[in-house]
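Heads up: the structure comes next, in structure tokens.
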Amino acid sequence: MGLFLRLKTISLISFITVLFLVHAPDFSSGFSQPGWVKPGAYVEYGCNVTVYKGAPYAPSSGTFRWTVVNVTGGKIYVLYEMRIEDLSLEKTLVVDAETNRILSIDGESVGNITNYLWLSYIPRIGGFIQLEDLMAEVVDLRKFSSRLFTNRTCWVTNATFSIANVNAGDLKNATMEGFIERMYDSETGILVYSRFLIEFKGSDGKVTQSYFSRIVISSTNIEELSGRRPAVIPMTVAAVFIVAVLLLARRILHIGLV
Numbered sequence: 095m096g097l098f099l100r101l102k103t104i105s106l107i108s109f110i111t112v113l114f115l116v117h118a119p120d121f122s123s124g125f126s127q128p129g130w131v132k133p134g135a136y137v138e139y140g141c142n143v144t145v146y147k148g149a150p151y152a153p154s155s156g157t158f159r160w161t162v163v164n165v166t167g168g169k170i171y172v173l174y175e176m177r178i179e180d181l182s183l184e185k186t187l188v189v190d191a192e193t194n195r196i197l198s199i200d201g202e203s204v205g206n207i208t209n210y211l212w213l214s215y216i217p218r219i220g221g222f223i224q225l226e227d228l229m230a231e232v233v234d235l236r237k238f239s240s241r242l243f244t245n246r247t248c249w250v251t252n253a254t255f256s257i258a259n260v261n262a263g264d265l266k267n268a269t270m271e272g273f274i275e276r277m278y279d280s281e282t283g284i285l286v287y288s289r290f291l292i293e294f295k296g297s298d299g300k301v302t303q304s305y306f307s308r309i310v311i312s313s314t315n316i317e318e319l320s321g322r323r324p325a326v327i328p329m330t331v332a333a334v335f336i337v338a339v340l341l342l343a344r345r346i347l348h349i350g351l352v
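Taking the working numbering, the leading residue of the sequence shown gets 95, the next gets one more, and so forth.
Spelled out as structure tokens, the structure:
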């Protein structure tokens, strides 16, 4: 594609990335810092953006990677790197090790923002958890395979969003709407897959541009994820899942449980 078109594409993708970086669970087994969190631990993903409507931006692909660079004073320092074509984007996140909240991005304090790169507690199917500044529903436990592993059990979360007055590239005072689905490995809590659909609407409510993006884990040095083996569901996860199934069965069949 031409340089101008590539720059416009990269500019939009960078805008979306930064937007999602800077924008209370109802159940957990307690917050805790995962054992794999240590300096040097990293996860890398392949990502792509597909244009559904509004051709001023061409499809693009690239990678993004996060690396734990330091753990000290109850804080986790994470380097976030995105590479789209010949452009790079880097952000440094500081995460509270106890609550998994993002305290700052590139040295600037942020509000009520939760880290979405990994979960630090066990959620509940049907419950809602905060990821970034969005409330996401935990909808399923599902098997997932990648080039790194096969049939690992993952939590699946869904969230929708709407952001008004977006100005980027050709977009002027647009409304951005869409959904985000994420999958988290049940053993480590690490994000392994994500997809989201974004629609930009004009003042008349009509969709002027729409994009679909997907990321899939492609590389890591975290031992629990780097081997091609199924995830072992922690006993606490299994117990929560069984209880949820029994409660659902009782609700549907109107039976009593001893």
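Glycine included, every Cβ here is placed at the ideal spot set by N, Cα and C. No experiment lies behind these values; they were computed from the predicted model shown.
In the pairwise beta carbon analysis, the stretch 278-286 is classified as touching the stretch 209-217: at least three pairs are separated by under 8 Å. Under DSSP, Tyr139 forms a beta bridge with Phe158, Ile311.
Contact check for Tyr278 against Leu291 fails: the beta carbons are separated by 9 Å or more. Assignment of Leu211 by DSSP, reduced to helix, strand and coil, places it in the coil class.
Here Ile311 is near Tyr139, since their CB atoms are less than 9 Å apart.
In the DSSP assignment, Ser320 falls within the alpha helix (DSSP H) that extends over 317-320. Here Leu173 carries a strand assignment [DSSP, helix/strand/coil].
Taking all protein chains in view, the Cβ of Pro133 is surrounded by fewer than 16 other Cβ atoms within 10 Å, so the residue is classified as exposed.
Contact between Tyr136 and Thr161 is confirmed by a C-beta separation of about 4 Å, below the 8 Å threshold.
Distance from the Cα of Glu179 is smallest, within the candidate group Glu231, Ile223, Pro153, Glu318, for Pro153. The stretch 173-187 makes no contact with the stretch 242-253; the number of CB pairs closer than 8 Å stays below 3. By the 16-neighbour rule on beta-carbons within 10 angstroms, Arg276 is buried. With a cutoff of 9 Å on beta-carbon distance, Leu235 and Ala253 are scored as not near each other.
Taking C-alpha positions only, Phe273 is separated from Ile207 by approximately 18 Å. In the DSSP annotation of this structure, the continuous segment of the beta strand (DSSP E) that includes Phe273 starts and ends at 265-279.
In the displayed model, Gln303 falls within a strand according to three-state DSSP. Counted as a single uninterrupted DSSP element, the beta strand (DSSP E) harbouring Lys295 occupies residues 285-295.
Annotation for Asp200: Lys185, Thr186 place their beta carbon closer than 7 Å to its own, counting only its chain and skipping 5 residues before and after. A direct Cα-to-Cα measurement between Thr269 and Lys300 gives close to 10 Å.
By the CB criterion at 9 Å, Phe255 and Glu271 fall inside the cutoff. The beta carbon of Arg289 sits closer than 6 Å to those of Glu275, Arg308, all from its chain and outside the five residues before and after it, given in chain order. For Glu231, the uninterrupted beta strand (DSSP E) segment begins and ends at 228-238.
Between Arg195 and Met176, the C-beta spacing is not below 9 Å. In the DSSP annotation of this structure, Ile216 is not part of any beta strand (DSSP E), being labelled neither H nor E. Cα atoms of Phe294 and Asn259: separation of roughly 10 Å, rounded to the nearest angstrom. The shortest C-alpha to C-alpha distance from Gly167 to any of Cys141, Leu183, Leu197 is the one to Leu197. Within 10 angstroms of the beta-carbon of Asn209 lie 16 or more other beta-carbons, which makes it buried.
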